[in-house]
Amino acid sequence: MIAFAAAAAQAAPAPSLPFVLRQVGPGTYAAIDGPDHKSGSNAGFVIGDDGVLVIDAFFNPDAARALVAEIRRLTPKPIRYVVNTHYHADHTGGDRVLRDEGATIIAHKNVRGWVRTNNINLFGDRITPELKARIEALPLPDVTTDKDLAVWLGSRKVVVRTVLGHTGGDLTVGVPDARVLFTGDMLWRRIPPNLIDGSVREWLASDAQFAAMPDAARMTYVPGHGDVGDVKDVADFRAYLIDLRRLVADGRKAGLKDEALAKAVAPKMRSLHPDWTISDRAIAFEVKYMNQELAGTKKRPVPVDD
Ligand SMILES: [Zn+2]
Numbered sequence: 157m158i159a160f161a162a163a164a165a166q167a168a169p170a171p172s173l174p175f176v177l178r179q180v181g182p183g184t185y186a187a188i189d190g191p192d193h194k195s196g197s198n199a200g201f202v203i204g205d206d207g208v209l210v211i212d213a214f215f216n217p218d219a220a221r222a223l224v225a226e227i228r229r230l231t232p233k234p235i236r237y238v239v240n241t242h243y244h245a246d247h248t249g250g251d252r253v254l255r256d257e258g259a260t261i262i263a264h265k266n267v268r269g270w271v272r273t274n275n276i277n278l279f280g281d282r283i284t285p286e287l288k289a290r291i292e293a294l295p296l297p298d299v300t301t302d303k304d305l306a307v308w309l310g311s312r313k314v315v316v317r318t319v320l321g322h323t324g325g326d327l328t329v330g331v332p333d334a335r336v337l338f339t340g341d342m343l344w345r346r347i348p349p350n351l352i353d354g355s356v357r358e359w360l361a362s363d364a365q366f367a368a369m370p371d372a373a374r375m376t377y378v379p380g381h382g383d384v385g386d387v388k389d390v391a392d393f394r395a396y397l398i399d400l401r402r403l404v405a406d407g408r409k410a411g412l413k414d415e416a417l418a419k420a421v422a423p424k425m426r427s428l429h430p431d432w433t434i435s436d437r438a439i440a441f442e443v444k445y446m447n448q449e450l451a452g453t454k455k456r457p458v459p460v461d462d
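Here this note's numbering = 1-based position in the sequence shown + 156.
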């Protein structure tokens, strides 16, 4: 009876996680934010010979704790690194959980100057005193770079690359032996990207490089938001940005501004990209930031001296 009960308990579904864990290669996992957005973004991890490298830490520290528990279910190896793909709090919010596990935080050089300050601007009128205090207490990265890096987990190579377009301080994480690229927010799958700090011009150039990688047709791309994708999703994302830029430029030529411009662009974007979920709020912000970029008035984060 006891054995039967134990077997039944084992067959029961795992307590619900704030993300869906997908194996995308040998010892390589994507943690995809669930439909309720309890994690705030995607993350992932790579298990090497002598340790684990985590990609991003979610917004929610509880989700980061759940990620650590999932890693612990799969391997007893130490969590040696977390790579922050950029400074935004939806990717750095759980850093302290990973730091407390012993991880060294690796980030782009600019993240140290931005993570405790620019994240407050990022939330705009949605900032609360609690969130402000949390952001001001985020750990600073331990290792920063403005160059590409190889991180070795024993004999397993992880390639960290600097990329332009989304914030001015973004990294991608490649696992060549698994043909996986964790893109951070350089790729969004069927969800409008956050352009607040972006340059669409630079972004399109970087994503063209992702699609032109030698193994592109056989690669898995793990976006910052949305489900795991392939090279067709990279092309689809580029097409989305190109359409947005063209439609905003057309609206500007027709003299449309602000709300009228967003109202003109939104239905066209929805009909061109019917499998995307495009909220009114998201498209309004995208049109605003695209318009600023085309007008030459876009403000982007400025690197801070160390
Ligand atoms: Zn994000």
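Backbone N, C-alpha and C fix where the C-beta goes; we use that ideal spot for every residue, glycine too.
Separation of the CB atoms of R236 and L209 is rounded to 6 Å, and the pair is thereby assigned contact status at 8 Å. Within the same chain, G204 and V314 come within 8 Å of W308 by CB-CB distance, once the 5 residues on both sides are set aside. Of D392, F175 and K303, the smallest CA-CA separation from D192 is found for F175.
Shown here for A422: same chain residues with a beta carbon closer than 6 Å to its own, the five before and five after excluded, namely I439 in chain order. In this structure, the CA atom of D304 is about 36 Å from the CA atom of T284. A heavy atom of ligand 1 is found nearer than 7 Å to the CB of H381.
Linking D392 to A372 through their CA atoms gives a straight-line distance of about 14 Å. Within the segment 350-415, complete beta strand (DSSP E) segments of at least 3 residues are found at 376-381, given in chain order. Going by beta carbons, G250 and P234 fall outside the 8 Å limit.
In this structure, the beta-carbon distance from G340 to T328 falls below 8 Å. For Y445, the enclosing alpha helix (DSSP H) stretches over residues D436 to A451.
In the same chain as V180, and ignoring 5 residues on each side of it, the C-beta atoms closer than 8 Å to its own belong to A186, G200, A334, V336, T376, V378 and V384, in chain order. Residue environment: D389 is assigned as buried (16 or more neighbouring CB atoms within 10 Å of its CB, all protein chains considered).
For the alpha helix (DSSP H) assignment, the uninterrupted runs of no fewer than 4 residues enclosed by the segment 276-342 are, from N- to C-terminal side, 285-292. Comparing alpha carbon positions, the residue from Y445, A410, Y396 and N447 closest to K424 is Y396. Distance from the CA of F279 to the CA of L296, rounded to the nearest whole angstrom, comes to 19 Å. Taken atom to atom, the span from the alpha-carbon of D386 to that of M342 is near 14 Å.
Nearest neighbour of A289 by Cα position, chosen from T273, R456, V267 and G452, turns out to be T273.
In the structure shown, T248 falls within a helical segment according to DSSP collapsed to helix, strand and coil.
Between the alpha carbons of D363 and R345 lies a distance of about 13 Å. Relative to ligand 1, the beta carbon of H244 is positioned inside 7 Å of a heavy atom. Classified as exposed, D281 has fewer than 16 neighbouring CB atoms from the shown chains inside 10 Å of its CB.
Only residues of its own chain outside the window of five on either side were considered, and among them D341 have a CB closer than 7 Å to the CB of P349, listed in chain order. When only Cα atoms are considered, N216 and L400 end up about 31 Å apart. Boundaries of the alpha helix (DSSP H) harbouring V224: P217 to L230, taken from the DSSP string.
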